[in-house]
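Numbering-wise (the working numbering), the sequence shown opens with residue 1 and increments by one. To start, the structure under review is shown below, and the notes come after it.
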Amino acid sequence: MEIRNVKKTAYENVFECEYNHPQFGWIPFAAMASDCEKLGRDIHAEIISGRHIIAECDPKQ
């Protein structure tokens, strides 16, 4: 699984990132631990694993 450009959001435990989808290429993605889809939970787990640099998101944007 490839993800990049991980950012914290104003919401607790929600991250914005780009996910390299096998069919569509790089797409924007919001990942959260409580996602109803396994992919969302898996991406969230990958982000919090410590293998990615997490940027702070400006809440004014």
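No residue lacks a Cβ here, since even glycine has one placed at the ideal position from N, Cα and C.
Problem set entry | Beta-carbon contacts of ASP35 that lie in its chain and below 6 Å, excluding the five residues immediately before and after | Excluding positions up to five away in sequence, the list reads ARG41.
Problem set entry | Beta-carbon spacing of MET1, GLU46 below 8 Å | The answer is yes: Cβ separation under 8 Å.
Exercise. Which residues in the same chain have their Cβ closer than 8 Å to the Cβ of ILE54, if we skip the five residues on either side of it in sequence?
Worked result: Around ILE54: VAL6, LYS7, LYS8, PHE15 and ILE47.
Problem set entry | Endpoints, beta strand (DSSP E) assigned at HIS44 | Run containing HIS44: none in the beta strand (DSSP E); it sits in the alpha helix (DSSP H), 38-48.
For this session: Within the same chain, show all residues whose beta-carbon is closer than 6 Å to that of HIS52, passing over the 5 residues directly before and after it, in chain order.
Result: VAL6, listed in sequence order.
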